[in-house]
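Residue numbers (UniProt numbering): 1 to 118.
In this text, a Cβ means the ideal position worked out from N, Cα and C, and glycines have one as well.
Have a look at the structure below, then the notes.
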């Protein structure tokens, strides 16, 4: 990427969280300028971010006029925030996926619909 004066932008000094915000912003900008109405899918988006940035992202996704699929780990969105989003009708479906190790090796997953982390 280049600045307005044509100089290459150095992203090395950015923290991991700042880089994540930058990438999400670029994806959101691309989605906004296209005519495609595809779901916005984000995997573990809130790790490495402070509370203010987490709240801003959640608020942004709530205001999008498209489907948003967020894959989170237990610490990313607390149960209070989940309950708030659910009460506002912002959660269409939720699934809790638990991975379990098998005795002979390998893993299996248990999927519980309409559930969230305890």
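For the alpha helix (DSSP H) holding residue i, just list the boundary residues, first then last.
i: residue 46; result: No alpha helix (DSSP H) contains residue 46, which DSSP labels as neither H nor E.
According to DSSP, is residue i helix, strand or coil?
i: residue 23; result: helix
i: residue 84; result: helix
i: residue 59; result: helix
i: residue 97; result: strand
i: residue 75; result: coil
Verify whether the separation of the beta carbon atoms of residue i and residue j is less than 7 Å.
i: residue 40; j: residue 74; result: no
i: residue 76; j: residue 46; result: yes
Can you tell me where the beta strand (DSSP E) with residue i in it begins and where it stops?
i: residue 71; result: 68 to 71
i: residue 34; result: Where residue 34 is concerned, there is no enclosing beta strand (DSSP E), given that its DSSP letter is neither H nor E.
i: residue 115; result: Here residue 115 belongs to no beta strand (DSSP E), and DSSP marks it neither H nor E.
Straight-line CA distance for residue i to residue j?
i: residue 17; j: residue 102; result: 35 Å
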